[in-house]
Amino acid sequence: MGGVIALGECMVELSLTSSRAAAIGYAGDTFNTAVYLSRLGRQVSYATALGAGDPFSAGILQLMADEGIAQDLVVKAEGRVPGLYAIERDEAGERRFFYWRDQAPARQFFELADLNALRRALRDAELVYLSGITLAVIGEGGRATLSELLADARVHGSAVAFDPNYRPRLWSGPDVARDAIEAIAPLCRYLSVSGPDLETLYDEPVHEVAARWATMGPEVVARDEDQTVHLLGAGDPVRMEPEPSVKAVDTTGAGDSFNAGYLAARLQGQEPVEAVREGRRLARIVVQHMGAIVPKNAMP
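For the sequence shown, full-length UniProt numbering assigns the number 1 to the initial residue and increments by one for each residue that follows.
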């Protein structure tokens, strides 16, 4: 089987500083996970659409090259530029996001991509990774295409991993988001969910939502707001208490890095409990640095 294929959107990131200046970077939830998976030794491709000829798309492609992420599934759209977002952080490292992404080419990825080539790649993948943000960005037509491709890949032996990563402002309404997320959940081998995201959408504790999804077949890792972890669907349910906290400088990318650590460990054959420890270990490092993607020399 091939390596990991992550689907989604990498955006231009403006990180606001205390002096009200902004540092420019590149990030996105599934892209962050792709970077960390690559650093943890997995073969990774990123499937997205970028512009052509603009410096920001070129910057993203250069970052992919620097991180060893294959670009064979990147589609380039003339006259388009990537989406942009700004992050404002408070003293505790918590964030507010502001987005400009309506015209981003990633929204039309499935209209622009060679679907036959994508189907072959997904069938050959060891793991396909996506998020609820991926689902929101690609729209209803893209979601229908993606569901069919994932079902086909699953039949051919590819595992699917999914983080619902619910962001209300990206959806026309909660009912649409729930329908889209629950169409993907049964196709998954791995589901990673967090309390603040899911409790906003379902108005019930995250471990109850996770328990319901685990009955559909996937292995579910559910993280409460206090960082208690519930492991479901992989034998007897396991509750893992929070680890001692660290001083968070920036919580951007905490969940993305946790997912990378967890999935890399599972793909290496480690048991779910040990994989949670690996996910936590990486996330603890990430939150002690500014930005979603930490320097390579900070990796465990």
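Quick reminder that beta carbons are idealized off the backbone N, C-alpha and C, glycines included.
Using the Cα positions of residue i and residue j, report the straight-line distance between them to the nearest angstrom.
i           : j           : result
residue 256 : residue 79  : 30 Å
residue 65  : residue 17  : 28 Å
residue 7   : residue 29  : 10 Å
residue 201 : residue 181 : 11 Å
residue 260 : residue 203 : 27 Å
residue 275 : residue 199 : 24 Å
residue 187 : residue 150 : 7 Å
residue 49  : residue 57  : 9 Å
residue 231 : residue 208 : 12 Å
residue 11  : residue 87  : 12 Å
residue 143 : residue 179 : 11 Å
residue 301 : residue 68  : The displayed coordinates of the chain run from 1 to 300. Any statement about residue 301 would go beyond what the structure contains.
residue 234 : residue 220 : 8 Å
residue 176 : residue 97  : 22 Å
residue 166 : residue 297 : 31 Å
residue 100 : residue 121 : 30 Å
residue 303 : residue 195 : An answer regarding residue 303 cannot be provided, because it is not within the stretch 1 to 300 covered by the chain.
residue 268 : residue 37  : 12 Å
What does residue i pair with, by DSSP beta-bridge criteria?
i           : result
residue 76  : 50
residue 98  : 86
residue 219 : 190
residue 151 : Note: residue 151 sits in no beta bridge, so no partner.
residue 13  : 25 and 85
residue 230 : 222 and 239
residue 122 : None; residue 122 has no bridge partner.
residue 159 : 127
residue 69  : 44
Return yes when the Cβ of residue j is within less than 9 Å of the Cβ of residue i, no when it is not.
i           : j           : result
residue 9   : residue 106 : yes
residue 240 : residue 15  : no
residue 115 : residue 263 : no
residue 42  : residue 4   : yes
residue 46  : residue 62  : no
residue 22  : residue 51  : no
residue 197 : residue 164 : yes
residue 54  : residue 81  : yes
residue 191 : residue 213 : yes
residue 113 : residue 137 : no
residue 224 : residue 244 : no
residue 183 : residue 147 : yes
My understanding is that residue i touches residue j, with C-beta atoms under 8 Å, so please give their C-beta distance in whole angstroms.
i           : j           : result
residue 250 : residue 287 : 7 Å
residue 193 : residue 211 : Not really, about 11 Å apart at Cβ, beyond 8 Å.
residue 124 : residue 2   : 4 Å
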